[in-house]
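Here the protein sequences line up with chains H and D, keeping their order. So in our numbering the end of the first sequence lands on 359, straight run, no missing numbers. So in our numbering the end of the second sequence lands on 718, straight run, no missing numbers. Beta carbons are placed, not taken as given, at the ideal position from N, Cα and C, and that holds for glycine. For clarity, every value in this text was computed on a predicted model and none was experimentally measured. Shown next, in structure tokens, is the structure this report addresses.
Number of protein chains: 2
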Amino acid sequence: MTTPLAEEIARIHGTPAVVIDLDKVEANIARLQAACDAAGVANRPHIKTHKSPELARQQIAAGARGITCQKLGEAEIMADGGIDDILISYNLLGEQKLGRLGHLQRRVRVIATADNPVTIAGLPQAAEIAGRDLEVVVECDSGRKRAGVETPGEAVALAKMIAGSKGLSFAGFLMYPPEDGWEATQVFLDTANAGLRDAGLEARIVSTGGSPNIPNIGKLKGATEHRAGTSIFNDRMQIAAGVAGIEDCALTVYATVVSRAGPERGILDSGSKTLTSDSGGLDGHGLILEYPLAKIAKFAEEHGFLDLSGSNERPEVGEIVRIVPNHVCVVVNMVDKLVTVRGDRLVGELPVAARGRLT
Amino acid sequence: MTTPLAEEIARIHGTPAVVIDLDKVEANIARLQAACDAAGVANRPHIKTHKSPELARQQIAAGARGITCQKLGEAEIMADGGIDDILISYNLLGEQKLGRLGHLQRRVRVIATADNPVTIAGLPQAAEIAGRDLEVVVECDSGRKRAGVETPGEAVALAKMIAGSKGLSFAGFLMYPPEDGWEATQVFLDTANAGLRDAGLEARIVSTGGSPNIPNIGKLKGATEHRAGTSIFNDRMQIAAGVAGIEDCALTVYATVVSRAGPERGILDSGSKTLTSDSGGLDGHGLILEYPLAKIAKFAEEHGFLDLSGSNERPEVGEIVRIVPNHVCVVVNMVDKLVTVRGDRLVGELPVAARGRLT
Chain H
1 MTTPLAEEIA
11 RIHGTPAVVI
21 DLDKVEANIA
31 RLQAACDAAG
41 VANRPHIKTH
51 KSPELARQQI
61 AAGARGITCQ
71 KLGEAEIMAD
81 GGIDDILISY
91 NLLGEQKLGR
101 LGHLQRRVRV
111 IATADNPVTI
121 AGLPQAAEIA
131 GRDLEVVVEC
141 DSGRKRAGVE
151 TPGEAVALAK
161 MIAGSKGLSF
171 AGFLMYPPED
181 GWEATQVFLD
191 TANAGLRDAG
201 LEARIVSTGG
211 SPNIPNIGKL
221 KGATEHRAGT
231 SIFNDRMQIA
241 AGVAGIEDCA
251 LTVYATVVSR
261 AGPERGILDS
271 GSKTLTSDSG
281 GLDGHGLILE
291 YPLAKIAKFA
301 EEHGFLDLSG
311 SNERPEVGEI
321 VRIVPNHVCV
331 VVNMVDKLVT
341 VRGDRLVGEL
351 PVAARGRLT
Chain D
360 MTTPLAEEIA
370 RIHGTPAVVI
380 DLDKVEANIA
390 RLQAACDAAG
400 VANRPHIKTH
410 KSPELARQQI
420 AAGARGITCQ
430 KLGEAEIMAD
440 GGIDDILISY
450 NLLGEQKLGR
460 LGHLQRRVRV
470 IATADNPVTI
480 AGLPQAAEIA
490 GRDLEVVVEC
500 DSGRKRAGVE
510 TPGEAVALAK
520 MIAGSKGLSF
530 AGFLMYPPED
540 GWEATQVFLD
550 TANAGLRDAG
560 LEARIVSTGG
570 SPNIPNIGKL
580 KGATEHRAGT
590 SIFNDRMQIA
600 AGVAGIEDCA
610 LTVYATVVSR
620 AGPERGILDS
630 GSKTLTSDSG
640 GLDGHGLILE
650 YPLAKIAKFA
660 EEHGFLDLSG
670 SNERPEVGEI
680 VRIVPNHVCV
690 VVNMVDKLVT
700 VRGDRLVGEL
710 PVAARGRLT
């Protein structure tokens, strides 16, 4: 059941190969932009998923206001690639990063993020290098207990600290509501906004996030921007969340069946060093398009353990299959390039330019 | 509690940084070699852990007979780096790889692996390109149900097929006994060897594997070589297996505490894109040397979620901590370079040259 395209990809690139369908990528970019436009919320896609300046430029061309990065190193690569409006949704700390942040801010608009006084105390170093004010949003916890202050009072206190810091400008709030947490987030935001008004401040940016939240864009009254990453490619988690179908999954891993030592089991040449151990909380590690009832039960580093007991159709040694990963963002992060196709036609390859920019 | 070395590393490289102590690396290399020497078994370390030709050369200089690679692309980089005796412990399939294998075999000794007739049928293509016989070992399952034939009869049948294939030479057996599976493996090997004798064949190589098996090297009568990878760095899994102490762990991830939004929780700037979601079956994702009672409870891509409820000592925002990862091999695979130190002195950096060689 190996397709001619799979044979061609294996012949040129070998397997495993991480492949994106540019037709689907473009459709996914357009769909996110349309959802933001319909809600009257600016689109600021998170590039952690693709790490490609080329795809970021396509997102901007489709109407995105700017982009979101999780790492300073990603932002630097994106600025090199011509992106000029970048939110870094992460506390940046330390002399080395603050110096780099200042140099980045000389070149492009950067919005920094803080959820604590230590971060805020450092950011003026960057602004001084840049020679102009640095915009800073306050990260607010909206229930995920990740980063972000836990109360509106803390958010307002940090907003005041930013506003009172030489070289910093308070820009607004960064939020990441759980899919079922929008009402609580609204209460948080309304309370924080009231506190801002009392202090003579205003949140120009209120940013929400998440691809599973695309149906909820605009639900938070006062939100001005949305950050979605995964939706450019989609994956098994997005399918499970009900926000994408299999046909919307633009990225698949082409893998070869390299062993069939038992009748009910087999081995794929894609293990934890390709598909990663990030299960996204799902059962099994990816959906095999050709054998949807086969289960990728576990991994060694270069082995995907196939449990074929539930599948009457079973692949032979040498067959190439396509896998929709559970979590696409971490898979892209494993490779230096993506192979590009359109439908059943091989196009070329796209560097994952910001991969490995650990800092 | 940030050490001066951590401050220096952060100033030069930023965090997260993946750091190896060369003194410990050298001691670990020597310890593995001594264990092999004591057992009279050749050392053929698995370079999947470090992916560095420089470290492979050090292993050879310490007495290793050759190296083991899991990927053809790794083997190519190692050959470029001067290693001339390479076992690829993985079924290689497909025109593209067989062509590359042949070209590799022109340059260095390569031992290929097969556990099925399809792989064996392809390998003569490589030998023809190389212009000389290709040595092939038969992979045998020794209880892990990964790759490898399940019975001695199948092993002998494949040995005969190899011996009867133009351009191929039967070299022996590849085994990977579970730590408690040595008796069963002995029965398998003895039975297979009897079958070989009847066929007028001989296993010149009998290869065992695994760092947790270092105390068992030589336990399998007839074994000629051992493949250990992880022991060059060690990790929390090796500690849990009782084959390494914390002081033997040569690799640590230096991470900054970037958020402390609640009294009992915090965030590290190392998430699944640095430490990976590979838990190795252990509770928590790494041992924090400065806060051994703190738990890395879960990950987002760039966030390590610290559960501090069990630790009276708690880090501040901005503090840099050192983490012994659960599984070191997959962490090295995330980065393009390792920062090198000796004790509390910064040395330089070492490229992870074979990283990203997916095929």
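Item	Value
Can you tell me which of Cys499(D), Ile591(D), Leu634(D), Val497(D) puts its alpha carbon nearest to the alpha carbon of Leu358(H)?	Leu634(D)
Using a beta-carbon distance below 8 Å, is Glu649(D) in contact with chain H?	no
Are the CB atoms of Pro412(D) and Gly441(D) nearer to each other than 8 Å?	yes
Output the distance between the C-alpha atoms of Thr472(D) and Val496(D), rounded to the nearest integer angstrom.	5 Å
As a quick exercise: from Val253(H), Pro178(H), Gly131(H), Arg197(H), pick the residue whose alpha carbon is nearest that of Leu168(H).	Gly131(H)
From what residue to what residue does the alpha helix (DSSP H) around Arg416(D) run?	412-420
Which residue marks the beginning of the beta strand (DSSP E) containing Arg260(H), and which one marks its end?	251-262
What span of residues does the alpha helix (DSSP H) with Gly266(H) cover, start to end?	Careful: Gly266(H) lies outside any alpha helix (DSSP H), inside the beta strand (DSSP E) at 265-268.
Expressed to the nearest angstrom, what Euclidean distance is found between the alpha-carbon atoms of Met534(D) and Phe547(D)?	10 Å
Counting Cβ pairs, one atom from each stretch, are 3 or more of them under 8 Å apart for the segment 344-358 of chain H and the segment 562-574 of chain D?	no
Could you work out which residue in Lys580(D), Met520(D), Asp557(D), Ala516(D) is closest to Ala307(D) when comparing CA atoms only?	Nothing about residue 307(D) can be reported from this structure: the residues present for chain D run from 360 to 718 only.
Going along the chain, which residues of its own chain have a beta-carbon closer than 8 Å to the beta-carbon of Val352(H), five neighbours each way excluded?	His50, Lys51, Ser52, Val332, Asn333, Val335, Asp336, Lys337, Leu338
Which two residues bound the contiguous alpha helix (DSSP H) that contains Asn671(D)?	That residue, Asn671(D), is in no alpha helix (DSSP H); it is neither H nor E in DSSP.
Can the beta-carbon of Met78(H) be found closer than 8 Å to that of Ala56(H)?	yes
Counting along the chain, where does the beta strand (DSSP E) carrying Gly370(H) start and finish?	Given that chain H is displayed from residue 1 to residue 359, the structure contains no residue 370(H) and the question cannot be resolved.
Under the rule that 16 or more other beta-carbon atoms within 10 Å means buried, what is Gly271(H), buried or exposed?	buried
The alpha helix (DSSP H) that contains Val467(D), what's its start and end?	Element bounds for Val467(D): n/a, residue is neither H nor E.
Taking 8 Å as the CB-CB cut-off, is Val118(H) touching chain D?	yes
Do you know how far the Cα of Glu264(H) is from the Cα of Ala147(H)?	44 Å
Which one or two residues does DSSP pair with Lys295(H) in a beta bridge?	Asp307(H)
Tell me, please, whether the segment 477-491 of chain D touches the segment 501-516 of chain D by the rule of three or more beta-carbon pairs shorter than 8 Å.	no
Does the pairing of the segment 581-593 of chain D with the segment 636-643 of chain D give three or more beta-carbon distances under 8 Å?	no
Assuming Pro178(H) and Ser142(H) form a contact by the criterion Cβ under 8 Å, report the distance between their Cβ atoms to the nearest whole angstrom.	7 Å
Looking at C-alpha atoms only, which residue of Val676(D), Leu667(D), Ile679(D), Ile626(D) is the closest neighbour of Ala659(D)?	Ile626(D)
Quick test of your reading: Val400(D) and Glu584(D), contact by CB under 8 Å. State the CB separation rounded to the nearest angstrom.	6 Å
So with Cβ pairs under 8 Å, would you call Ile267(H) a contact of chain D?	yes
To the nearest angstrom, how far is it from the Cα of Ala157(H) to the Cα of Gly604(D)?	46 Å
In three-state terms, what does DSSP make of Asp444(D)?	strand
Give me the chain D residues within the contact set of Phe305(H), using Cβ-Cβ distance strictly less than 9 Å, ordered along the chain.	Lys504, Arg505
Taking Cβ-Cβ distances below 7 Å as the criterion, which residues of the segment 456-474 of chain D are in contact with chain H?	Lys456, Asp474
Within 10 Å of its beta-carbon, does Gly523(D) have 16 or more other beta-carbons around it, so buried, or fewer, so exposed?	exposed
Taking buried to mean at least 16 other C-beta atoms within 10 Å of its own C-beta, is Met237(H) buried or exposed?	buried
Restricting to runs no shorter than 4 residues, where is the alpha helix (DSSP H) found entirely within the segment 362-419 of chain D?	363-372, 381-398
Secondary structure at Ala600(D), three-state DSSP: helix, strand or coil?	coil
In this structure, how does DSSP classify Thr208(H) when only helix, strand and coil are distinguished?	strand
Of all Cβ atoms in chain H, is any one closer than 8 Å to the Cβ of Glu660(D)?	yes
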